[in-house]
Amino acid sequence: MTDRHASRRDLLRAGLATGGLLVAGAAGAGPQKGNPANQPPNVPDWTRNLGEGVAVRSYGKPSEFEKDIIRRDVEWLTASRESSVSFTPLHALDGPITPNGLCFERHHSGIAEVDPADYRLILHGLVDKPLIFTLDDIKRMPRVNRPYFCECAANSGMEWRGSQLNGCQYTHGMVHCVMYTGVPLKTLLDEAGIKAKAKWLLLEGGDSAAMTRSLPLAKALDDVLIAYRMNGEMLYPENGYPVRAVIPGWEANMWVKWLRRIEVGDQPWHHREETSKYTDLLENGKARRFTYVMDPKSVITSPSPQAPLNHKSGFTVLSGLAWSGRGKIGRVDVSLDGGRNWRTARLDGPVWDKALTRFYYEFDWDGRELLLQSRAMDETGYVQPSKAELRKVRGVNSIYHNNGIQTWQLHTNGEVENVEIS
Amino acid sequence: MSKSRETCRGLSFLPLLAAACLICLACVAAFGAAFASEKKLDIGREATAEEIAGWDIDIRPDGHGLPVGRGTVKQGEPLYVERCAACHGEFGESAGRWPILSGGNGTLASHDPVKSVGSYWPYASTIIDYIRRAMPFGASQTLTNDELYAITAYVLFLNDIVTSEDFELSDKNFRTIKLPNEPNFFDDDREVAEKAFWRTDPCMSNCISGDAVVTGRAKVIDVTPDPGTGPKVE
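So the protein lines, in turn, are chains L and G. So in my numbering, spot 58 of the first sequence is number 97, and the numbers just go up one at a time. So in my numbering, spot 206 of the second sequence is number 680, and the numbers just go up one at a time.
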């Protein structure tokens, strides 16, 4: 028995090593060969032997063979990991929802590890009665469930001047979409009673940056949530545990994590994240501020540089994501020839308001080189612009709000690369 | 309430109880109406002035939130050198990829804009607010109010916003400090300026003449992290 288990473990280890190599090799395209001893007519080890019992894996995680599907960062981008970003592996996901453990991270002074017993939210300023809430208080309030995308304003920011990063994880991975559970901020404001002069709110985090953003009162009363769950679970520490702001359709920097304080005021605060950062510098040296809404955007997630095709021709499914901070996605078009001709893709799964929407385009690939693009259109009629159109009106110094159309070049060997085209 | 609803569902095939069910539904509607009204939940308690004061650290351009205190450029220099210069550079020029604080005047419309306190930031209050809440990096909210004013004064000096080493910044004179780039910010006008992006009928065929030509490749720049490698653990 012991011997058998030992040999099984050895085999498993050997299998993992092989699997790992094959995954690494997948960047060069071509089907995975695997181990013939596990394939018919042979009967693999996992069929002959008992596997692990229940609760050995008391909190489940993906198969060992998926271990490369992780958040990744780009070391040269930032000065330290505490003030940096990691990217969602969009190329390896499907459907509209992002798994909690893969949601991109952006911290300004690292992750605050907040003890829920000590969590407090203070609401004060231009209110009739300043209030302090515990986590239990917030959980006692009437709650709602809403799926929303959360996109960093700097998503695709490295691509303003040209193609830089080979992979949609890096070019578009500062976006995720989860189902939030939380309390409308209006409920809390009604509890405190806002004074007639009130026009703006300041949201402040409990992290070591005490991250702040000014929020117009009208948005706060419209659809902002004080959220504590993502996809049913309590928020993860890196996403603001135990409580964060959810500002539907607006740039992620405003979705203050580890939310500790809301001050009601009559004017914006002009803090660091809404002056020095998150303002959009135009070609003439002037800067657009309060650019909250994330405009319609899309990206083909497969095939893409990290998700090459493993076949040489034939039936092919092109898959991608589209989203709009202005409402629901109305339509997504796909081009195989660099924007000369377009076909309408098929939206599949729920088309939620201000959420990631999955699209597919199925076609018979003739094996020739293609220039793949996707173009999102939302219910307001906004059509995602080409990079050239966007640069024409914004220049290339904006950093933020790059929603230009992405081009992937699919090569005859199935490899894909990030390119700029004329 | 949910209990009575279940009872209704389970027995609703009986006509008599079906009538009772309607009553139940009426109850639900009544509850819903009460819920939708402005009636307070009475959850949470009044925050004390002391609790608020401990966390209320924000400062606005109009002076709202400025703590009582003062400090000179001269007093700020050694503090800056000790607490700030390792990342921001001795003259605010930045070390490595840490944020730059000074220089860059006249570069905003160039191909290489430098966004420093002096060249870009619209309000001086943003400096003192940010230092107060987030600096020094890794030791936030440890500076005294006088130190805040002294370091802020020194940063203003590095940017030639104040020019005398004897200049003393305080909650009394703070509002007199103006940064030169303030007029160059304007509110989001994308819905007007970029109105052309709203198109009812986007082009579907022969949209651009001639074949597409590849003009740039990410692989030429070669800055993408290697596949298969996880983040380094430090």
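Just so you know, even glycine gets a beta-carbon here, dropped at the ideal spot from N, CA and C.
- Taking 8 Å as the upper bound on Cβ-Cβ separation, chain L lies near residues Tyr594, Trp595, Pro596, Tyr597, Ser599, Thr600, Asp603, Tyr604, Arg607 and Ala608 of the segment 592–610 of chain G.
- Closest option to Arg311 of chain L, judged by alpha-carbon separation, among G:Phe660, G:Asp685, G:Leu553 and G:Lys589: G:Lys589.
- Lys168 of chain L and Lys234 of chain L have their alpha carbons spaced roughly 10 Å apart.
- A direct Cα-to-Cα measurement between Thr137 of chain L and Tyr209 of chain L gives close to 16 Å.
- With respect to chain L, the C-beta atom of Phe648 of chain G has no partner C-beta closer than 8 Å.
- According to the DSSP secondary-structure assignment, Glu322 of chain L is paired through a beta bridge with no residue.
- Checking the DSSP bridge columns, you'll see His215 of chain L partnered with L:Cys189.
- The C-alpha of Ala237 of chain L lies about 46 Å from the C-alpha of Tyr399 of chain L.
- Trp362 of chain L has L:Lys336 as its beta-bridge partners, per DSSP.
- In the DSSP assignment, Ile177 of chain L falls outside any beta strand (DSSP E) and within the unbroken alpha helix (DSSP H) covering Leu174 to Arg179.
- The three-state reading of DSSP puts Pro699 of chain G in coil, since its state is none of H, G, I, E or B.
- With 16 or more other CB atoms across the displayed protein chains lying within 10 angstroms of its CB, Asp319 of chain L is buried.
- Secondary structure at Ala583 of chain G: coil, using DSSP grouped into helix, strand and coil.
- In summary, Leu630 of chain G is buried, with 16 or more beta-carbon neighbours lying within 10 Å of its beta-carbon over all protein chains present.
- Beyond the five residues adjoining it in sequence on each side, Glu418 of chain L comes within less than 7 Å, by CB distance, of Gly366, Lys367 and Gly369 in the same chain, given in chain order.
- Beta-bridge analysis with DSSP links Ile517 of chain G to no other residue.
- Distances from the CA of Ser576 of chain G to each of G:Glu567, G:Leu582 and G:Ala583 were compared; the closest alpha carbon is that of G:Glu567.
- The C-alpha of Val435 of chain L is placed about 24 Å away from the C-alpha of Arg379 of chain L.
- Contacts between His310 of chain L and chain G, judged by CB atoms closer than 8 Å, involve Asp532, Thr600, Asp603 and Tyr604 in chain order.
- Distance from the Cα of Asp403 of chain L is smallest, within the candidate group L:Lys106, L:Leu357 and L:Leu129, for L:Leu357.
- For Trp239 of chain L, the enclosing beta strand (DSSP E) stretches over residues Trp239 to Gly244.
- Taking each of L:Pro335, L:Ser148 and L:Asn452 in turn and checking the Cα distance to Tyr421 of chain L, the smallest one comes out for L:Pro335.
- Counted as a single uninterrupted DSSP element, the stretch harbouring Gly690 of chain G is not any alpha helix (DSSP H) but the beta strand (DSSP E) occupying residues Val688 to Arg691.
- Counting only residues of its own chain and dropping the five nearest sequence neighbours on each side, Leu141 of chain L has a CB closer than 8 Å to the CB of Ile108, Ile109, Arg110, Thr127, Pro128, Leu132 and His215.
- Counting only residues of its own chain and dropping the five nearest sequence neighbours on each side, Gly353 of chain L has a CB closer than 7 Å to the CB of Asp403 and Trp404.
- Scanning chain L for C-beta atoms nearer than 7 Å to the C-beta of Gly570 of chain G yields Ala118, reported in chain order.
- Following the DSSP letters along the chain, one finds Phe660 of chain G inside the beta strand (DSSP E) bounded by residues Phe659 to Asp661.
- At a cut-off of 8 Å between beta-carbon atoms, Cys558 of chain G makes no contact with chain L.
- Listed along chain L, the residues sitting closer than 7 Å to Asp661 of chain G by beta-carbon distance are Arg328 and Phe329.
- Any Cβ of chain L closer than 8 Å to the Cβ of Phe671 of chain G would place that residue at the interface, and such an atom is present.
- Using a Cβ distance threshold of 8 Å, Gly359 of chain L and Val332 of chain L do not count as a contacting pair.
- Closest by C-alpha distance to Ile526 of chain G, out of L:Tyr439, L:Leu160, L:Lys72 and L:Pro342, is L:Leu160.
- Using a Cβ-Cβ cut-off of 8 Å, Ile651 of chain G does not count as an interface residue toward chain L, since no Cβ of chain L sits closer than that to its own.
- If you check the CB distance, Arg185 of chain L and Leu264 of chain L come in under 8 Å.
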